[in-house]
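Protein chains in written order, with my numbering: chain W, 138 to 367; chain Y, 5 to 127. Backbone N, C-alpha and C fix where the C-beta goes; we use that ideal spot for every residue, glycine too. A quick note: this is a predicted structure, and the numbers were derived from the prediction, not measured. Quick notes on the structure that follows.
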Amino acid sequence: MVLLKNLHPPTEGVRHEQAETTAVLDGQRLGCGTLYVAETRLSWFDSSGLGFSLEYPSIGLHAISRDVSAYPQEHLYVMVNGKLNSEANSDGGDDDEDEGAITEIRFVPSNKAALESMFSAMCECQALHPDPEDDDSDNDFEGEEYDVEEHGHADIPTFYTCDEGLSALTQEGQATLERLEGMLAQSVAQQYHMAGVRTEETKAEFEDGMEVDTAAMEAGQFEDADVEHW
Amino acid sequence: MAMVVNSIRERTITENSMVILLQGLQGEVTTVDLRNESTARGRVVNVDAFMNVRLEDVLYRDRRGQLTQLQDLFITGRNIRYVHIPDHMDIMKTIESQLAKIHRVRNFGSEGGGRKEFAKKTK
């Protein structure tokens, strides 16, 4: 028997909300409710407020099923690693997963045309939760590009990598970009001397055409400097 | 369909791992073996840096051997054991062409692309 908890539907980061959606958990119909595809978790609640939440790292796959010979209604199929109500269902649920226990959930919306949006929203949210236990140590940052997020300048806004992105800059952003590019142009001329600090690395490594990235590194260095003194 | 690489971090991960080969499978029909012994065969729509694979027009065979057709399928990277590379694919060429795509994006500005008002003043 499935224990439904009295949880609260998410209010932030909801990429898709689908009302009139029946949830079927391991073949058991839980009734009609609303599916919330949020960035933090996937949840479903019926009209009385009872429901369940799924953490994206526990979701193995999701799919759109239109094969009525396999299941009589078109639905969103979600396969969860482990069993829903076991205590081991959070990140440390290795025992369950070694046994290969899974939970199959079907979300059957009354509006079948919504399946594609539900599926896409889940894809987007799933991508926000990459596997932290990935053994591949090559995923550590070793590349040439300077990753601002990794170096702690998280307050600097997202970087654009193409023409559309450049035109999306606000007026202030454009002015900042021009100022930084001016600084960059001067710094290239001065080679290794930047405000009296000699840098060891070859500047050529960062001259990869991704203007905003390189400039941002310098922006971090000169946050408290008076630019007019160049 | 253009390759979708969403961040500097993803580009770095991609060009430093074999995921770059899987990204070259876009448009190909192939089989993915999952860690739970099920398999999925379909056309590759997208593979991201975390090895999440999106397939369309899929024939999914579960652990018990039961077959289901799925219109769209998203498999979390962590759940994948193998991705089959079609025999007709030239692996080295695929990797090289994927790397070239990444470098084209990265060098967009210096090759004269982008809005002219943001072009470098000195070269």
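- Pairing G46(Y) with L317(W), the inter-Cα distance amounts to about 47 Å.
- In the DSSP assignment, L198(W) falls within the unbroken beta strand (DSSP E) covering 196-202.
- Counting C-beta atoms within 10 angstroms of its own C-beta, T240(W) has 16 or more neighbours from the protein chains shown and is therefore classed as buried.
- For G69(Y), the nearest beta carbon of chain W is not closer than 8 Å to its own beta carbon.
- For A258(W), the uninterrupted alpha helix (DSSP H) run begins and ends at 252-264, by DSSP.
- Put simply, the backbone Cα of R178(W) is about 26 Å away from that of T43(Y).
- Looking at the backbone, the Cα of C262(W) and that of E309(W) are separated by about 31 Å.
- Across the set S11(Y), V23(Y), E14(Y), V87(Y), the C-alpha of V23(Y) shows the shortest separation from the C-alpha of E100(Y).
- Look at the beta carbons and you see the region 180-187 of chain W not touching the region 205-223 of chain W: under three pairs across the two are nearer than 8 Å.
- Around L103(Y), no beta-carbon contact reaches into chain W at under 8 Å, the shortest distance being about 12 Å.
- Proximity of L25(Y) to chain W, defined by a Cβ-Cβ separation below 8 Å, is not satisfied.
- When only Cα atoms are considered, E253(W) and A200(W) end up about 10 Å apart.
- A check of alpha carbon separations from Y214(W) across E176(W), G188(W), I242(W) identifies I242(W) as the nearest.
- For R47(Y), no chain W residue has a C-beta closer than 7 Å to its own C-beta; the minimum C-beta separation is roughly 14 Å.
- Distances from the alpha-carbon of Y173(W) to those of Q311(W), L162(W), P146(W) put P146(W) closest.
- For G237(W), the three-state secondary structure derived from DSSP is coil.
- Against chain W, the CB of R65(Y) has no partner CB under 8 Å away; the residue lies outside that interface.
- S195(W) sits buried, since 16 or more C-beta atoms from the chains shown fall within 10 Å of its C-beta.
- Under the criterion of beta carbons closer than 8 Å, Q155(W) and A251(W) qualify as touching, at roughly 5 Å.
- Cβ proximity to chain Y below 9 Å picks out nothing from the region 151-168 of chain W.
- In this structure V57(Y) does not touch I95(Y) by the C-beta definition: roughly 17 Å separates them, more than the 8 Å allowed.
- Sequence-ordered contacts of the region 76-107 of chain Y with chain W read D76, L77, F78, I79, T80, G81, R82, N83, H107 [C-beta pairs closer than 9 Å].
- Annotation for L213(W): the continuous beta strand (DSSP E) segment containing it runs 212-218.
- With its beta carbon at least 8 Å from every one in chain Y, A312(W) lies outside the interface.
- Interface annotation for the region 252-263 of chain W against chain Y: L252, E253, F256, S257, M259, C260, Q263, criterion Cβ-Cβ distance under 9 Å.
- Under DSSP, no beta-bridge partner is assigned to P146(W).
- For R58(Y), the enclosing beta strand (DSSP E) covers residues 57-65.
- L321(W) and T159(W) have their C-alpha atoms spaced approximately 57 Å apart.
- Where A104(Y) is concerned, the enclosing alpha helix (DSSP H) starts and stops at 95-110.
- In the DSSP assignment, E157(W) falls within the unbroken beta strand (DSSP E) covering 151-162.
- The alpha-carbon of Y86(Y) is positioned some 11 Å away from that of N40(Y).
- A straight-line Cα-Cα distance of about 16 Å links D66(Y) and D76(Y).
- Secondary structure of T177(W) (DSSP, three-state): coil.
- When DSSP states are grouped into helix, strand and coil, I89(Y) belongs to the coil group.
- If you ignore the 5 residues before and after T98(Y), its C-beta comes within less than 7 Å of the C-beta of L25, G28, all in its own chain and listed in chain order.
- The secondary-structure analysis by DSSP pairs G46(Y) across a beta bridge with T34(Y).
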